[in-house]
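Report on one structure; see the data block that follows.
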Amino acid sequence: MRNSEVARILYNISIYLEMGHEDIFKVRAYEKAARSIEGLDKSVEEIYRKGGVEALMDIPGVGVSIAEKIEELLTTGKLKFYENLKKKVPVDIEGLTSIEGIGPKKIKMLYSKLKIKTVEDLEKAARAGNISKLERFGKKSEQDILKNIEFMKKSSGRFLLGFAMPMIEDIERRLKTVEDVEQAVVGGSGRRKKETIGDADILVISKNPAAVMDYFTKMPEVVEIIGKGDTKSSVKLIDGLNVDVRVVPKKSFGAALQYFTGNKDHNIKLRSIAIGKGYKLNEYGVFKGDKQINGVSEESVYETLGLKWMPPELRENTGEIEAAMKNKLPKLIEYG
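Residue numbers for the sequence shown follow the numbering used here, beginning at 492 and rising by one.
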C-alpha cells in the first residue's frame, strides 16, 4: 500500500472524527500523522517490514494507537476502525473526495454550512447556487464542481489516470521483485496514457507463474479475488480498481504487450494488415501457418507488418498506422 493511500485514510478518519464531534486533539493527531506519512521519503510498507510497529512510531506524529491501525492497513488492506466510522457518520467522504477540487477542509465546510453528505447533495447545492455563497468557493468554483461531477458521471466505473497510475505502477514495481520474474510491464489504456482507466493490465515474464499469482493475489490492497488461474489472475483493489496480471511466454511477450496496449480498432487494423501479408497476428505472436515467426518484442511485430514501432499513446487507429507506413509518425512531447 502506497504512502498516499495510508495518508488518505488517516485524513478521512480525521474528517469523520471531527464530524462526529470527537476531541479536537484526536482529530489533529490523525491529521498530523497523515501529513508525516505524505512527506516520507521512504515507503511506509518498507519501514514496517524492517521494524514493525516500533519503527512506525518513529514517524513524527504516529503514536502506538495510530501505528497499530497502520499495521492493520498494511497487513490486511482494511481497517475496522475506519469502516465503523463510515457507518456512524453519514457522509460519503470517499465519494466527495473523488470530485476534483473537493478536499477534506472543503468537505468539513460543506457539511457544517450546508449539511452536504453525498455527491448528489453537492450537485443540488451547486445547481441552486448555494455553494458560491460560501467563503473560499465563489461562482467559478461552483461551476467547476458541476463540470467535475458531470465528468465523474460520464466516467463511471473508470478512474482518472493521475489517480490510478501510481497504484498500478507500484504493483508493477513490486511484481518485479518476485523471484524468477524477468519483466513486468503495464499495458492497456494506462500505457496509452488515456485520461481515464477502466481495468488495468500488467504483463509478466516468469519461469514460475504460480509464485506470481500467489504474490499478486495476496497483496494487502486486494479486497476481492475475482479470478485466480495458473497464468492469469484478476483482483479488485481497496480503491475499487480492477487489475489483471498475466504471465506470458518470453517468445510471445512483445505480441502480448502490443495486443493488450492498442485499442480494439488499432488491433483490428493490424490483424487486417497481417492477413494481407499472409500472416496471422494474435497475442501469442505473428504466425506463418502454424509457425511463429515473430512476437518476442513489439518492434519485431510491427516490423514484420512493414511498420515502424509507434508510441503506445498513438495506438487508437486515428491515422497512426498510415503515418507509420509513410514513416511520418509525430514525435510526442515529453513532460518532466
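Idealized CB from N, CA, C, for every residue including glycine.
Looking only at its chain, what residues have a beta carbon closer than 8 Å to the beta carbon of residue i, apart from the 5 residues adjacent to it on each side?
{"i": "residue 806", "result": "683, 752, 753, 754 and 757"}
{"i": "residue 737", "result": "692, 693, 694, 695, 722, 723, 747 and 751"}
{"i": "residue 657", "result": "493 and 495"}
Using a Cβ-Cβ cutoff of less than 7 Å, which residues in the same chain neighbour residue i once the five nearest sequence positions on both sides are dropped?
{"i": "residue 534", "result": "494"}
{"i": "residue 719", "result": "704 and 708"}
{"i": "residue 799", "result": "793, 815, 818 and 820"}
{"i": "residue 504", "result": "521, 573 and 576"}
{"i": "residue 772", "result": "761, 762 and 765"}
{"i": "residue 667", "result": "675"}
Counting along the chain, where does the alpha helix (DSSP H) carrying residue i start and finish?
{"i": "residue 759", "result": "755-767"}
{"i": "residue 675", "result": "Counting along the chain, residue 675 falls outside any alpha helix (DSSP H), though it belongs to the beta strand (DSSP E) covering 672-677."}
{"i": "residue 618", "result": "610-618"}
{"i": "residue 705", "result": "700-708"}
{"i": "residue 662", "result": "652-666"}
{"i": "residue 555", "result": "555-567"}
{"i": "residue 576", "result": "571-579"}
{"i": "residue 622", "result": "Note, residue 622: premise wrong, no alpha helix (DSSP H); not H, not E."}
{"i": "residue 811", "result": "811-816"}
Mind reading off the beta-carbon distance from residue i to residue j? Whole number of angstroms is fine, and I expect it under 8 Å.
{"i": "residue 793", "j": "residue 774", "result": "Not confirmed; about 15 Å, so no contact."}
{"i": "residue 628", "j": "residue 694", "result": "No, residue 628 and residue 694 are not in contact; Cβ-Cβ is about 45 Å, not under 8 Å."}
{"i": "residue 569", "j": "residue 714", "result": "7 Å"}
{"i": "residue 478", "j": "residue 681", "result": "Nothing in the structure corresponds to residue 478, since the chain is present only between 492 and 827."}
{"i": "residue 586", "j": "residue 639", "result": "Not really, about 12 Å apart at Cβ, beyond 8 Å."}
{"i": "residue 644", "j": "residue 625", "result": "Actually they are not in contact, since the Cβ atoms of residue 644 and residue 625 sit about 23 Å apart, beyond 8 Å."}
{"i": "residue 617", "j": "residue 637", "result": "5 Å"}
{"i": "residue 566", "j": "residue 803", "result": "Incorrect: roughly 35 Å between the Cβ atoms, too far for contact."}
{"i": "residue 650", "j": "residue 688", "result": "5 Å"}
I'd like the span of the beta strand (DSSP E) that includes residue i, first residue to last.
{"i": "residue 532", "result": "Per DSSP, residue 532 belongs to no beta strand (DSSP E) and is neither H nor E."}
{"i": "residue 591", "result": "Counting along the chain, residue 591 falls outside any beta strand (DSSP E), and DSSP gives it neither H nor E."}
{"i": "residue 778", "result": "776-779"}
{"i": "residue 508", "result": "Not the beta strand (DSSP E): residue 508 falls in the alpha helix (DSSP H), residues 494-510."}
{"i": "residue 691", "result": "691-697"}
{"i": "residue 785", "result": "782-785"}
{"i": "residue 792", "result": "Taken as a continuous stretch (DSSP letters only), residue 792 belongs to no beta strand (DSSP E), being part of the alpha helix (DSSP H) at 789-795."}
{"i": "residue 648", "result": "Premise fails: residue 648 is in no beta strand (DSSP E) and is neither H nor E."}
{"i": "residue 728", "result": "723-728"}
{"i": "residue 731", "result": "It is not in any beta strand (DSSP E) - residue 731 carries neither H nor E in the DSSP assignment."}
{"i": "residue 716", "result": "713-719"}
{"i": "residue 490", "result": "Because the chain is modelled from 492 through 827, residue 490 falls outside the range shown and cannot be assessed."}
{"i": "residue 773", "result": "771-773"}
Quick check: what's the CA-CA separation for residue i versus residue j?
{"i": "residue 623", "j": "residue 601", "result": "11 Å"}
{"i": "residue 671", "j": "residue 665", "result": "13 Å"}
{"i": "residue 653", "j": "residue 790", "result": "28 Å"}
{"i": "residue 506", "j": "residue 739", "result": "45 Å"}
{"i": "residue 725", "j": "residue 778", "result": "29 Å"}
{"i": "residue 785", "j": "residue 576", "result": "55 Å"}
{"i": "residue 631", "j": "residue 686", "result": "23 Å"}
{"i": "residue 608", "j": "residue 512", "result": "16 Å"}
{"i": "residue 538", "j": "residue 519", "result": "23 Å"}
{"i": "residue 524", "j": "residue 561", "result": "10 Å"}
{"i": "residue 780", "j": "residue 675", "result": "30 Å"}
{"i": "residue 619", "j": "residue 530", "result": "39 Å"}
{"i": "residue 580", "j": "residue 528", "result": "25 Å"}
{"i": "residue 611", "j": "residue 767", "result": "53 Å"}
{"i": "residue 496", "j": "residue 808", "result": "36 Å"}
{"i": "residue 633", "j": "residue 590", "result": "12 Å"}
{"i": "residue 716", "j": "residue 510", "result": "34 Å"}
{"i": "residue 614", "j": "residue 655", "result": "24 Å"}
{"i": "residue 583", "j": "residue 516", "result": "23 Å"}
{"i": "residue 542", "j": "residue 552", "result": "17 Å"}
{"i": "residue 770", "j": "residue 787", "result": "16 Å"}
{"i": "residue 641", "j": "residue 731", "result": "20 Å"}
{"i": "residue 795", "j": "residue 679", "result": "22 Å"}
{"i": "residue 549", "j": "residue 564", "result": "18 Å"}
{"i": "residue 677", "j": "residue 759", "result": "21 Å"}
{"i": "residue 797", "j": "residue 735", "result": "31 Å"}
Among residues of its own chain, excluding the 5 on either side of residue i, which ones have a beta-carbon nearer than 6 Å to its beta-carbon?
{"i": "residue 814", "result": "820"}
{"i": "residue 801", "result": "811, 815 and 820"}
{"i": "residue 783", "result": "776"}
{"i": "residue 733", "result": "690 and 727"}
{"i": "residue 729", "result": "568, 712 and 714"}
{"i": "residue 595", "result": "502 and 506"}
{"i": "residue 498", "result": "525, 528 and 529"}
{"i": "residue 741", "result": "696"}
{"i": "residue 673", "result": "696"}
Is the segment 696-706 touching the segment 544-563 in the sense that three or more CB pairs, one from each, lie closer than 8 Å? no
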